[in-house]
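Here the structure comes first, spelled out in structure tokens, and everything after it is commentary.
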Amino acid sequence: MIRIKEAIIVEGKYDRIKLSSLFDTAIIETGGFRIFSDSEKKNVIRELAEKRGIVILTDSDGAGFVIRNYLKGIVKNADNIKQAYIPDIEGKEKRKSQPSKQGLLGVEGMTDDIIINAVKKCGAYVEGEFVCTDKKSITKTDFYNLGLTGQNNSASNRELVLKKLNFPKYMTSNALLSAVNMIYEKEEFVQIVQDALK
């Protein structure tokens, strides 16, 4: 079991069960869209964010991003939130008779390695691991210069880069910027973009 400082917020019961076998931390389920009207659970999430920080890990479909953005809006300090992303992988969970509306596996359908890597890459504080903080940030200007924002083909370029990085296609440019700053060195990211856009 991997011990992390932050609490992890997931969508459903099966996500929570899966992560409970991997991480030694508080794991809170939103109950899907029920979080919108559950003031008690919102207070718990706010408190956890303030005291320990939270990692948001939702499915990579449209609904997952709605929940992710809602959670961002209820926490006062955005610095207390880390975003973990799973890739778009087509398929269906074993317990379900039908695939999801968009035909993508959710958190519960991911392999342990994918989930562990997603949580580690988002910048969660893993007990016993060295954290390097001395690195150059990737900026919005870098995104513009790389053709990822503000240009005619920026949306299609971002789509190619998201695919190359194995990130969900619904990520906004701001979410992508935040994620790559947690995971990649600047030079490494520039090389990834250049490879993706060849």
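Per numbering that gives the first Met the number 0, residue 0 is the first one in the sequence shown, and the count goes up by one each step. Note that CB positions come from ideal geometry on N, CA and C, so glycine has one too. Everything numeric in this text was worked out from a predicted model, so none of it was measured.
Whole-angstrom distance between residue j and residue i, CA atom to CA atom
i      : j      : result
Val160 : Thr57  : 21 Å
Ile1   : Arg94  : 26 Å
Ile53  : Ser153 : 31 Å
Gly63  : Thr29  : 11 Å
Leu175 : Glu128 : 25 Å
Leu18  : Ile66  : 18 Å
Asn151 : Asn180 : 24 Å
Thr148 : Lys163 : 17 Å
Pro167 : Asp87  : 5 Å
Thr209 : Ser172 : The structure shown has nothing for residue 209, since the chain only spans 0 to 197.
Lys185 : Asp23  : 32 Å
Per DSSP, cross-strand counterpart(s) of residue i
i     : result
Ile26 : Ile7
Ile1  : Phe22
Extent of the continuous alpha helix (DSSP H) to which residue i belongs
i      : result
Val160 : 153-164
Lys197 : Careful: Lys197 lies outside any alpha helix (DSSP H) and carries neither H nor E.
Val125 : It is not in any alpha helix (DSSP H) - Val125 carries neither H nor E in the DSSP assignment.
Phe142 : 139-144
Leu175 : 172-182
- Message: Counting beta carbon pairs with one atom in the stretch 44-63 and one in the stretch 4-12, are three or more of them shorter than 8 Å?
- Response: yes
- Query: Enumerated in chain order, which unbroken segments of the alpha helix (DSSP H) with a length of 4 residues or greater are wholly contained in the stretch 45-112?
  - Reply: 61-73
- Task: Check whether the stretch 74-87 touches the stretch 21-36, counting contact only when three or more Cβ pairs, one atom from each stretch, lie closer than 8 Å.
- Result: Short answer: they don't touch.
- Task: Take every Cβ of the stretch 108-115, pair it with every Cβ of the stretch 64-81, and state whether three or more of those distances are shorter than 8 Å.
- Result: no
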